[in-house]
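Novice: To start, I am sharing the structure in question, which I have written as structure tokens.
Numbering (the numbering used here), first residue to last: 8 to 187.
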């Protein structure tokens with residue numbers, strides 16, 4: 008398997024996720040696909056995919072190992088994404104079991120059916136209990152923390168009105184504080 012960094016200059020994570028879906032169409036499904044913030048030069052978002060090597064479309068910056076191709080700034084961003092991935096970082100968009108996870112599940116079920124290895128609860132030093140109930144809300148974006156795929160959650164209202172866990176990251180966050 009190869010860790011392939013690809014940078015198309017995506018302005019935000021939504022655009023980077025669309026890039027991942029476009030690349031999946033061309034390259035086939037990856038084992039893991041993550042987003043990475045590029046802070047050198049113009050801030051934007053690059054992606055990494057763990058897959059069998061394939062040919063990437065023109066116009067993207069691409070990095071794997073010590074190799075770089077494409078526009079210089081984008082190739083550098085792709086290289087940064089690979090370095091972050093290799094250091095154990097990245098925000099997962101595609102991961103083992105991600106396609107089959109939706110609705111309300113227990114933490115134990117989530118861990119057993121996916122590549123997610125840990126469920127954290129904001130402001131708690133302890134991981135979520137296996138019996139805790141989680142509403143996936145159809146949108147899970149775990150982060151690699153030191154190489155461990157970890158889903159950040161927060162207490163929230165479940166569909167039945169009870170309190171359980173919900174993902175900290177939501178699909179369409181709204182700008183607050185005057186849009187900044």
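Every residue gets a Cβ at the ideal spot worked out from N, C-alpha and C, and that includes glycine. These numbers were taken from a predicted model, which means no experiment stands behind them.
Residue 187 to residue 59, Cα distance in whole Å?
Specialist: Confidence at residue 187 is low in this model, with a pLDDT of 45, below 50, so its placement is unreliable and the value that follows should be read with caution. Going by the C-alpha atoms only, they are around 40 Å apart.
Novice: With DSSP run on the structure shown, which of helix, strand or coil describes residue 187?
Specialist: The predicted model places residue 187 with a pLDDT of 45, which falls under 50 and marks its position as unreliable, so this point remains unresolved.
Novice: Since residue 81 and residue 68 are thought to touch, with beta carbons under 8 Å apart, how far apart are those beta carbons, to the nearest angstrom?
Specialist: The Cβ separation is near 3 Å, so the contact holds.
Novice: Look at residue 145 and residue 105 and say whether their C-beta atoms are less than 8 Å apart.
Specialist: No, Cβ-Cβ distance for residue 145 and residue 105 is not below 8 Å.
Novice: Assuming residue 19 is part of the beta strand (DSSP E), what are its boundary residues?
Specialist: Counting along the chain, residue 19 falls outside any beta strand (DSSP E), and DSSP gives it neither H nor E.
Novice: By the DSSP assignment, the alpha helix (DSSP H) with residue 120 in it spans what residues?
Specialist: That run of the alpha helix (DSSP H) goes 114-120.
Novice: What are the uninterrupted segments assigned as beta strand (DSSP E) that are 3 or more residues long and contained completely in the stretch 15-67, given in chain order?
Specialist: With a minimum length of 3 residues, the continuous beta strand (DSSP E) runs that stay inside the stretch 15-67 are 39-45 and 51-58.
Novice: Go to residue 163, then tell me how far its beta strand (DSSP E) extends in each direction, as first and last residue.
Specialist: Unbroken beta strand (DSSP E) run through residue 163: 155-164.
Novice: Cβ atoms of residue 147 and residue 122: under 8 Å apart, would you say?
Specialist: No, the Cβ-Cβ distance between residue 122 and residue 147 is not below 8 Å.
Novice: For the beta strand (DSSP E) containing residue 82, name the first residue and the last one.
Specialist: It is not in any beta strand (DSSP E) - residue 82 instead sits in the alpha helix (DSSP H) that spans 79-93.
Novice: Between residue 111 and residue 8, what straight-line distance do the alpha-carbon atoms span, to the nearest angstrom?
Specialist: For residue 111 and residue 8, the distance between alpha carbons rounds to 33 Å.
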